[in-house]
Every structure is written in structure tokens, then in C-alpha cells.
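Worksheet: one structure, shown below.
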Amino acid sequence: MLKCFYPSRYYESAYDIEYEKLYGDGFRGIIFDVDNTLVEHGAPVTDRARELFSSLHKMGYETCIISNNSEARVKPLADIVGSKYVSKAGKPSPVNYIKAVEIMKCSRDTVFFVGDQIFTDVWGANRAGIKSFLVKPIDRHEEIQIVLKRYLERIVLYFYRKSLDKEGKYNEND
Ligand SMILES: [Mg+2]
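Residue 1308 in my numbering is what sits at position 59 of the sequence shown, and the numbering runs on without skipping anything.
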């Protein structure tokens, strides 16, 4: 019942993913959430984020940022890191995940998504049939409505962790 919320993988941080290996495995496009995934909520672009996107593009990846936040928030940030983007994405609707795949000229099976929230980011990616990588939020001090969601996320993560195989990866065929 909870499986629609399970991420394909769970990482400490978006800066902690083995992107090079995943490129070797055939992945060509990455969809990113912004707030609390790449930078703190509402914060400007960091050098770390700029370096990450520059190295991903050098590896050969296409990138697309999708955010429920406004054009005014997302466009300047995407421009600085040289990424395609969709603002006001309406996650967890799968519509703009699929649009992002099209914008990157990829196919769904060569794309993965990176985000920090289960009930918007991961659920939407799963509904779109795209691999979902959950990361821990950069900033642990969040608004009250997010704090409540985090409590519910902990319940999902409890069952998710119980379902992990020995390598620490969720077996999607289970
Ligand atoms: Mg986020």
C-alpha cells in the first residue's frame, strides 16, 4: 500500500550520488527538485550547486529542474547552473516529470529524479514511471506544514527500510 511512496534509492544528499557510475549504467537525464535538495529553501545558488551541474553536464547528462515554486524563484537559479527547468510544476502530478523527460530529449527509462520530499517529489516520479532518488533535506529547520509531512514521511521510511535488501537498495520487483 505504501509502495507508491517508496523511493528507488535513498541518499544522504544530492551531492552524494554516484552520478558517474549511473551514467555508465545508461542514465542520460536527471530531474532535480531545488528547495532543500540542491540549496536551502529560498536560498541563492551555491558554488557547490554550480560545480555539481557543471560536472554533470561534462559527463554528458541533460538536466531539468522541476519545482512547485514560481518562475521568479526557479528561472534565475536554473540559468546560473545552465539547466533546463519547469516552474509551478504541480508535483506530485506526473505531468511535468514527463514534460521534463521530453525537454531533455530522453526516454523515461534513462532518467532519474532527485528530491527531498516523499509525498510530492517521490510520489510524482513514481507515478510518472521515473526512478526516484530521495535525499535528506539540506535544512532541517522547516515550516510547520512541512514538519507534519516529515512525521508522516518517517512512517513510510520505517516500512521502506524494512523492505530494503542486503545491499541497502529497495527491490522494485518485490
Ligand atoms: Mg524540496
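We treat Cβ as the ideally placed atom computed from N, Cα and C, and that holds for glycine.
Exposed unless 16 or more other CB atoms sit within 10 angstroms - verdict on residue i
i, result
"V1323", "buried"
"D1296", "exposed"
"Y1400", "exposed"
"A1321", "exposed"
"S1412", "exposed"
"E1402", "buried"
Beta-bridge pairing of residue i - partner residues as DSSP gives them
i, result
"T1369", "Answer is none; T1369 lacks a bridge partner."
"F1362", "I1280, S1381"
"K1248", "Within the shown structure, residues of the chain are numbered from 1250 to 1423, placing residue 1248 beyond reach of any answer."
"Y1260", "V1384"
"V1323", "In the DSSP output, where bridge partners are listed per residue, V1323 has none listed."
"V1288", "D1284"
Simplified DSSP state of residue i, which is helix, strand or coil
i, result
"D1423", "Residue placement at D1423 is poorly supported in this model, since its pLDDT is 43, which falls under 50; the coordinates are not used for a value here."
"V1294", "coil"
"D1251", "Looking at the sequence provided, one finds Leu at residue 1251 rather than Asp. Residue state, collapsed to three classes: coil."
"L1413", "strand"
"D1274", "coil"
Counting Cβ pairs, one atom from each stretch, are 3 or more of them under 8 Å apart for the region 1382-1401 and the region 1307-1317?
no
Below 8 Å, how does it come out for the region 1350-1357 and the region 1251-1259: are there three or more Cβ pairs, yes or no?
Contact between the region 1350-1357 and the region 1251-1259 is not established, with fewer than three Cβ pairs separated by less than 8 Å.
How about the region 1323-1336 and the region 1361-1372: do they share at least three Cβ pairs that are nearer than 8 Å?
no
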